[in-house]
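Notes follow the structure.
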Amino acid sequence: MTQEIMECRICSSRELEDVFDLGEQPLANGLLASPGIGEKYPLVLTKCIGGCGHVQLKHTVEPTAMFEDYHFHTASSERMVNHFCQLLLDNTPKSGGVVVEIGSNDGAVLQRYKQKLFDGVLDNYLDPEWDFAVWGIDPSENLCNEAANSRNVDVWCDFFNENTAKEFVSAVGQASLIMCCNVLGHVHDLNSFVQGLALLLADDGKIVIEVPDVYQMVEHLAFDTIYHEHISYFSATSMARLFNQNCLYIQEITPQDVHGGTLRYTITKRVGNSNSVYDRINTEYLMPINWETFKTKVATQKAQLQFHLTQCKKEGRKVAGYGAAAKTTVRLNYFEIDNNLLPVVADCTKDKQGLFIPGTFQLVISPEELQLPANFPHIVVIFAWNHAKEIVKKEHTLVEKGVIFVTPDFLPVLQ
Ligand code: DWN
Numbered sequence: 051m052t053q054e055i056m057e058c059r060i061c062s063s064r065e066l067e068d069v070f071d072l073g074e075q076p077l078a079n080g081l082l083a084s085p086g087i088g089e090k091y092p093l094v095l096t097k098c099i100g101g102c103g104h105v106q107l108k109h110t111v112e113p114t115a116m117f118e119d120y121h122f123h124t125a126s127s128e129r130m131v132n133h134f135c136q137l138l139l140d141n142t143p144k145s146g147g148v149v150v151e152i153g154s155n156d157g158a159v160l161q162r163y164k165q166k167l168f169d170g171v172l173d174n175y176l177d178p179e180w181d182f183a184v185w186g187i188d189p190s191e192n193l194c195n196e197a198a199n200s201r202n203v204d205v206w207c208d209f210f211n212e213n214t215a216k217e218f219v220s221a222v223g224q225a226s227l228i229m230c231c232n233v234l235g236h237v238h239d240l241n242s243f244v245q246g247l248a249l250l251l252a253d254d255g256k257i258v259i260e261v262p263d264v265y266q267m268v269e270h271l272a273f274d275t276i277y278h279e280h281i282s283y284f285s286a287t288s289m290a291r292l293f294n295q296n297c298l299y300i301q302e303i304t305p306q307d308v309h310g311g312t313l314r315y316t317i318t319k320r321v322g323n324s325n326s327v328y329d330r331i332n333t334e335y336l337m338p339i340n341w342e343t344f345k346t347k348v349a350t351q352k353a354q355l356q357f358h359l360t361q362c363k364k365e366g367r368k369v370a371g372y373g374a375a376a377k378t379t380v381r382l383n384y385f386e387i388d389n390n391l392l393p394v395v396a397d398c399t400k401d402k403q404g405l406f407i408p409g410t411f412q413l414v415i416s417p418e419e420l421q422l423p424a425n426f427p428h429i430v431v432i433f434a435w436n437h438a439k440e441i442v443k444k445e446h447t448l449v450e451k452g453v454i455f456v457t458p459d460f461l462p463v464l465q
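Per this note's numbering, numbering of the sequence shown is gapless, rising by one per residue and ending at 465.
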C-alpha cells in the first residue's frame, strides 16, 4: 500500500536525504469502529538536496485509501470558513467568470461565498453585468454529496490533475479565480496538478493557494502536522521551482495566522516572480532548517506531556483531549499516549464520534458528553491547538465550572 520515492516530486533529483523519521504510524484520519492499531505505514520526511530543496514524505500511501471517504469537514471551524470565504471575496474578479475551489471539501466555504455574492456585499465593486459560475472540485464522494445535496454547491467529484482540468474546461470553461487551500500538500503528482492549474486558469485569471510553511512548522514544533495525507512540506524556494517550471509565477506571498503558520501565494500567468519572492528565497537559503534541534525539542515535548499526564493520573485529576484532528492521532501515537493515560477525546464532528483513535485507543465523544459525570474532566488538552481560542470560547460552560483548557505543552489557553 506504500511506495518509496526514488526522486524528488518537484525536480526529479535522485539526491534525497532523510531528515525526520516518525517510525510506523497509522493513517491520521483513519479512526476505527473499535479499539485497534489500524494499518501502520512508514512516516519519514526526506529532503531534496540535489535541486529544489523540497521537503516531502519518503513513502506514498495510496490516495483512495485516505480521501474517498474523508472525515475532515471544513464546516467544523466557523473561523476557517470565514477565512476562506473572505479570501474569495477579496480576490473576486470585477467582471465575474468561473470561480473554482479545488479541495472544496463539504462545500461550506462556497456556500458562504455564494450567499455573500447574492447578498450584494460586492455590488459596489463588481461591474453591473457581473455573472459568476461557482464550482468545487474534490475527490471525496461523501463530502461532494454533502456539498451538492445539503449546500446546493456545484461540485466536480474527482482528484484534480491535468486530465481533470481538460474535462472541466471543456464542460464549464476556464477559471478567472482558483482557490486551493491546504490541498497542494496532499498531492502525489505535483507537476500534473500544477499543469492542470495552468490549463484551468484563464490568461488574465488568478490562483490563490495557501499551504503550511515548512519553516514555521519547524519553528512551532508542529511535528503533528506530519502525516501520510501531507506528502509535501513547502518553502517559498520549492513553490517557486514547482510553479515556474509549469509557466506560472508568484506575484505575492503573504503570511497567514492559521494552521500553525501558513503562506498565501498569489499566482498568475504573468511572467516573472515578484521581488518579495526572491527576498524570501534568499532568507530561506541563509537560514537552513536544523533538523537535529527540531528532533531534540520534539523529544523534550514528548517527555513533558507524558510527565504531566502521569502526574494527573497519580493525583486523581481526570484529563480529556479535545479535537480528534489528524494531528491528534500523530501526537498521541508518536508520544505513545494511550487510553490509560488519556481515555477520551471530544470532537464536534458527528461522523468521528463513537470511533477510536488508531494505535492509542481513545474513544471520540461529543463535546456534550464531556459534561457527563463519567467524563467530566479537571483538565482538557486541546490537541487541535490551531483552534484553541475558538474551542475555549465555545466551551465557556466548562470553563465557568473550573475546567482548565491547556495546549499540548500544558500551557493554559485563555479566552
Ligand atoms: O490539511 C488538513 C487540515 C487543513 O485539516 C487536512 N489534511 C485534515 C485536517 O487536519 P486536522 O484534522 O488536523 O484539522 P483541524 O481543523 O485542526 O481539525 C480540528 C478537529 O477539531 C476537527 O476534527 C474538528 C474538531 N473541532 C471541534 O471539535 N470543535 C474543531 C473546532 C474548531 C471546534 O470548535
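Glycine included, C-beta positions come from ideal geometry on N, C-alpha and C. Here the structure is a predicted model, which is why all the values come from computation and not from measurement.
Practice problem: Go ahead and pull the three-state DSSP assignment for residue 74. | Solution: Residue state for residue 74 is assigned as strand, using DSSP reduced to three classes.
Quiz item: With C-beta atoms as the reference, is residue 291 less than 8 Å away from residue 102?
Solution: With contacts defined as CB atoms closer than 8 Å, residue 291 and residue 102 qualify as a contacting pair.
Quiz prompt | Delimiting residues of the alpha helix (DSSP H) encompassing residue 307 | solution = Taken as a continuous stretch (DSSP letters only), residue 307 belongs to no alpha helix (DSSP H), as it is neither H nor E.
Quiz prompt | Beta bridge counterpart(s) of residue 90 as assigned by DSSP | solution = When beta bridges are read from the DSSP output, residue 90 appears opposite 76.
Quiz item: Are at least three pairs of beta-carbons, each pair with one atom in the stretch 168 to 182 and one in the stretch 202 to 216, less than 8 Å apart?
Solution: With the rule of 3 Cβ pairs closer than 8 Å, the stretch 168 to 182 does not count as touching the stretch 202 to 216.
Exercise. Could you tell me if the beta carbon of residue 398 falls within a distance shorter than 7 Å of some heavy atom in the ligand DWN?
Key: Under cutoff, so the answer is yes.
Quiz prompt | Spatial distance of residue 430 from residue 371 (CA atoms) | solution = If I take the Cα positions, the gap works out to 5 Å.
Quiz item: Expressed to the nearest angstrom, what Euclidean distance is found between the alpha-carbon atoms of residue 379 and residue 162?
Solution: Residue 162 has its alpha-carbon roughly 30 Å from the corresponding atom of residue 379.
Quiz item: Does the stretch 223 to 234 come within contact of the stretch 242 to 251, defined as at least 3 CB pairs closer than 8 Å?
Solution: Yes: the two stretches touch, three or more of their Cβ pairs being nearer than 8 Å.
Quiz item: Among the residues of its own chain, which have a CB less than 8 Å from the CB of residue 88, if the five just before and after it don't count?
Solution: Result list for residue 88: 76, 77, 80, 82, 408, 409, in chain order.
Practice problem: Look at the alpha carbon of residue 382 and the alpha carbon of residue 388, and state the distance between them as a whole number of angstroms. | Solution: Whole-angstrom Cα-Cα distance: 7 Å.
Quiz item: Between which two residues does the beta strand (DSSP E) harbouring residue 372 extend?
Solution: Residue range 369 to 372 is occupied by the beta strand (DSSP E) that includes residue 372.
Practice problem: Return the CA-CA distance between residue 193 and residue 214, expressed in angstroms with no decimal places. | Solution: Near 18 Å, if we compare the C-alpha coordinates of residue 214 and residue 193.
Exercise. Go through the stretch 339 to 379 residue by residue and report every complete run of the alpha helix (DSSP H) that reaches 4 residues or more, in order.
Key: Within the stretch 339 to 379, the runs of alpha helix (DSSP H) that reach at least 4 residues and sit entirely inside it are, in chain order, 341 to 364.
Self-check item: Whether residue 376 touches residue 279 by CB criterion (8 Å)
Solution: Taking C-beta atoms as the reference points, residue 376 and residue 279 count as a pair closer than 8 Å.
Quiz prompt | residue 113 (DSSP reduced to helix, strand or coil) | solution = Three-state DSSP puts residue 113 in a helix.
Quiz item: What are the boundary residues of the alpha helix (DSSP H) that residue 135 is part of?
Solution: Per DSSP, residue 135 belongs to the alpha helix (DSSP H) from 128 to 141.
Quiz item: Leaving out the 5 sequence neighbours to the left and right, which residues in its chain are closer than 8 Å to residue 238 when beta-carbon positions are compared?
Solution: Correct list, in chain order: 59, 110, 113, 281.
Quiz item: Expressed to the nearest angstrom, what Euclidean distance is found between the alpha-carbon atoms of residue 254 and residue 318?
Solution: So the two alpha carbons sit approximately 7 Å from each other.
Exercise. Tell me, please, which residues DSSP counts as bridged to residue 151.
Key: Residue 151 is bridged to 186, 229.
Quiz prompt | Whole-Å CB distance - residue 156 paired with residue 197, under 8 Å assumed | solution = The pair is a contact, with the Cβ atoms about 6 Å apart (cut-off 8 Å).
Self-check item: Opening and closing residue of the alpha helix (DSSP H) in which residue 106 lies
Solution: No alpha helix (DSSP H) contains residue 106, which is instead part of the beta strand (DSSP E) from 105 to 107.
Quiz item: From the DSSP output, which residues share a beta bridge with residue 282?
Solution: Answer is 106.
Quiz prompt | Endpoints, beta strand (DSSP E) assigned at residue 254 | solution = Looking at the DSSP string, the run of the beta strand (DSSP E) that includes residue 254 is 251 to 262.
Quiz item: Whose CA, out of 393, 94, 138, lies closest to the CA of residue 369?
Solution: For the set 393, 94, 138, the Cα lying nearest the Cα of residue 369 is the one of 393.
Self-check item: DSSP beta-bridge partners of residue 146
Solution: 181, per the DSSP bridge assignment.
Quiz item: Are residue 467 and residue 405 closer than 8 Å when you measure CB to CB?
Solution: Not covered by the structure: residue 467. The range shown for the chain is 51 to 465.
Practice problem: Using beta-carbon positions only, say whether residue 187 and residue 220 come within less than 8 Å of one another. | Solution: Their beta carbons are not under 8 Å apart, which means residue 187 does not touch residue 220 by this criterion.
Quiz item: So does residue 406 have its beta carbon nearer than 7 Å to some heavy atom of the ligand DWN?
Solution: Distances between the C-beta of residue 406 and the heavy atoms of the ligand DWN are all 7 Å or more.
Practice problem: Would you mind reading off the limits of the alpha helix (DSSP H) that contains residue 168? | Solution: Its alpha helix (DSSP H) spans residues 158 to 169.
Exercise. Taking only the alpha-carbon atoms, compute the straight-line gap between residue 151 and residue 185 and give it to the nearest angstrom.
Key: Near 6 Å, if we compare the C-alpha coordinates of residue 185 and residue 151.
Exercise. Could you have a look at residue 454 and say whether DSSP puts it in helix, strand or coil?
Key: Strand.
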